[in-house]
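Asks: Just so we're aligned, residue 1 is where the sequence shown starts under full-length UniProt numbering, counting upward by one.
We treat Cβ as the ideally placed atom computed from N, Cα and C, and that holds for glycine.
Please read all numbers here as calculations on a predicted model, not as lab measurements.
Okay, here's the structure, questions in a sec.
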Amino acid sequence: MQGMYTEIVLQGRAKTFYVIPRDALHENEIFVVNKQNQLDRRSVENAQVQGKMVLLGTGLQEGEKLIVSDVFPAIPGMQVKMTEKSTLQQSIADWVPEQ
């Protein structure tokens with residue numbers, strides 16, 4: 001009915017998601033740096049866009065290095081030189097509440 005409110009309780013298993021910048025998602029792929037400092041392309045499924053951030057459930061493993069800049073051409077196996085982007089780290093820290 002119009003104007004009425006209710007309270008609900010959702011039950012279910014909590015899922016782990018990784019929060020990444022929207023610019024790091026290229027259609028259904030992300031680019032990561034492997035242990036040999038080479039580019040790897042990964043497919044992701046069910047990415048949930050939340051403004052400037054994306055929630056990923058698959059495609060990224062803990063500790064992997066995500067490429068957030070635009071890479072063209074993105075050729076698997078190409079050598080990658082990394083730089084730290086502290087402003088991005090701060091943006092993600094501000095967006096994700098501490099637990």
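Return the chain-ordered list of same chain residues with a C-beta closer than 7 Å to the C-beta of residue 49, the five sequence neighbours on each side being excluded.
Replies: 22
Asks: Taking 8 Å as the cut-off, decide whether the C-beta atoms of residue 66 and residue 32 are in contact.
Replies: yes
Asks: Suppose you measure from the CA of residue 17 to the CA of residue 43; what does that come to, to the nearest Å?
Replies: 15 Å
Asks: Specify the secondary structure class of residue 40 as computed by DSSP and reduced to three states.
Replies: strand
Asks: To the nearest angstrom, report how far apart residue 51 and residue 37 are at their CA atoms.
Replies: 30 Å
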